[in-house]
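First the structure, in the form of structure tokens, and then the observations on it.
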Amino acid sequence: MRRFIHAWSEGEQNPHLLDPTALSDVTLMAPVPDPGKIFAAPVNYRDHQLEMDEAVQVSGLGLFLKAPTSVIGHGGQVQLPYLDRRFDQEGEVAVVIGRRARHVSKSDALDHVFGVTALLDMTMRGGEDRSTRKSFETFTPMGPWIVTLDELPGVESLTFSCRVNETVRQDSSTARLIWGIADLVSYASSITTLEPGDVITSGTPAGVGPVEDGDSIEVTIDGLGGSLRVSVSTEGAVPCPTKVEQG
0 MRRFIHAWSE
10 GEQNPHLLDP
20 TALSDVTLMA
30 PVPDPGKIFA
40 APVNYRDHQL
50 EMDEAVQVSG
60 LGLFLKAPTS
70 VIGHGGQVQL
80 PYLDRRFDQE
90 GEVAVVIGRR
100 ARHVSKSDAL
110 DHVFGVTALL
120 DMTMRGGEDR
130 STRKSFETFT
140 PMGPWIVTLD
150 ELPGVESLTF
160 SCRVNETVRQ
170 DSSTARLIWG
180 IADLVSYASS
190 ITTLEPGDVI
200 TSGTPAGVGP
210 VEDGDSIEVT
220 IDGLGGSLRV
230 SVSTEGAVPC
240 PTKVEQG
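The opening position of the sequence shown corresponds to residue 0 in numbering that gives the first Met the number 0, with each subsequent residue numbered one higher.
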């Protein structure tokens with residue numbers, strides 16, 4: 000997929016990859032199974048800042064990185080690693096970079112975006128660094144697919160929801176972001192070179208909550224034509240080796 004996105008950015012087309020295939024005939028992987036980088040925005044909705052009682056938000060925190068090996072696709076299973084820690088769901092709108100970007104302005108940032116996908120930033124609560132608490136294997140479900148920007152009404156005003164066991168926990172819009180999508184892409188490009196297939200996820204609104212064994216989670220973004228769905232399991236979970244105050 001990263002090669003395909005790069006070819007798209009160069010104006011090339013691969014006829015084989017563009018052949019239509021019935022969805023019922025395939026098992027979906029993550030739309031970008033091996034992104035080079037995953038940037039995530041902490042505390043990027045004011046209502047989430049209030050519910051978490053955070054003193055600062057994204058403007059004072061910058062971005063953090065999630066491990067690319069934490070990615071799974073639609074229909075996958077989130078494996079909770081520990082039996083004695085709290086784990087929360089965080090539904091988010093993510094963008095996939097389409098063109099190499101370095102020091103791009105906010106006004107040019109969306110020209111470097113290939114498309115939009117749904118993402119779950121699964122989180123262990125506690126005092127460890129964010130990248131640690133959010134990078135366990137299976138902690139970045141993504142999908143079910145990518146929709147290019149020309150097929151969407153506007154990336155800066157996408158409505159989306161997150162359900163746990165069919166109950167709506169989160170319902171918001173990217174219009175409520177503190178830093179919008181263009182801000183995030185521009186800022187990330189000031190840190191390092193963004194490559195085709197890199198992922199930037201925009202942060203989560205109020206409504207995060209604990210998940211446990213047997214739960215199902217669903218993220219729906221209006222205009223994507225499908226929802227990201229995963230299940231939760233504690234199979235193989237063990238006691239946590241670190242003892243920190245959970246927050």
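In this text, a Cβ means the ideal position worked out from N, Cα and C, and glycines have one as well.
Residues that residue i bridges to, as DSSP identifies them
i: Ala66; result: Paired residue(s): none; Ala66 is not in a bridge.
i: Phe38; result: Leu64, Ile199
i: Thr116; result: Ala93
i: Val248; result: Residue 248 cannot be examined here, being either before or after the span of the chain that is shown, 0 to 246.
i: Arg2; result: BP columns for Arg2 are empty, so no partner.
i: Gly247; result: Any property of residue 247 remains undetermined from this structure, which presents the chain solely from 0 to 246.
Through-space distance from residue j to residue i, alpha-carbon basis
i: Thr192; j: Arg101; result: 5 Å
i: Leu22; j: Pro143; result: 11 Å
i: Phe135; j: Asp18; result: 35 Å
i: Arg98; j: Ile190; result: 16 Å
i: Gly59; j: Val25; result: 43 Å
i: Pro80; j: Asp214; result: 15 Å
Run of the beta strand (DSSP E) containing residue i, from where it starts to where it stops
i: Gln78; result: 76 to 78
i: Asp87; result: 86 to 88
i: Ser230; result: 226 to 232
Proximity of residue i and residue j at Cβ, strictly below 7 Å
i: Ala117; j: Val218; result: yes
i: Leu82; j: Ala236; result: yes
i: Glu91; j: Thr203; result: yes
i: Ser230; j: Asp212; result: no
i: Pro34; j: Asp197; result: yes
i: Val154; j: Ile216; result: no
Delimiting residues of the alpha helix (DSSP H) encompassing residue i
i: Val184; result: 180 to 190
i: Glu50; result: 45 to 50
i: Ser106; result: 105 to 108
Length at least 3, wholly inside the segment 123 to 167: the beta strand (DSSP E) runs in chain order:
139 to 147, 158 to 163
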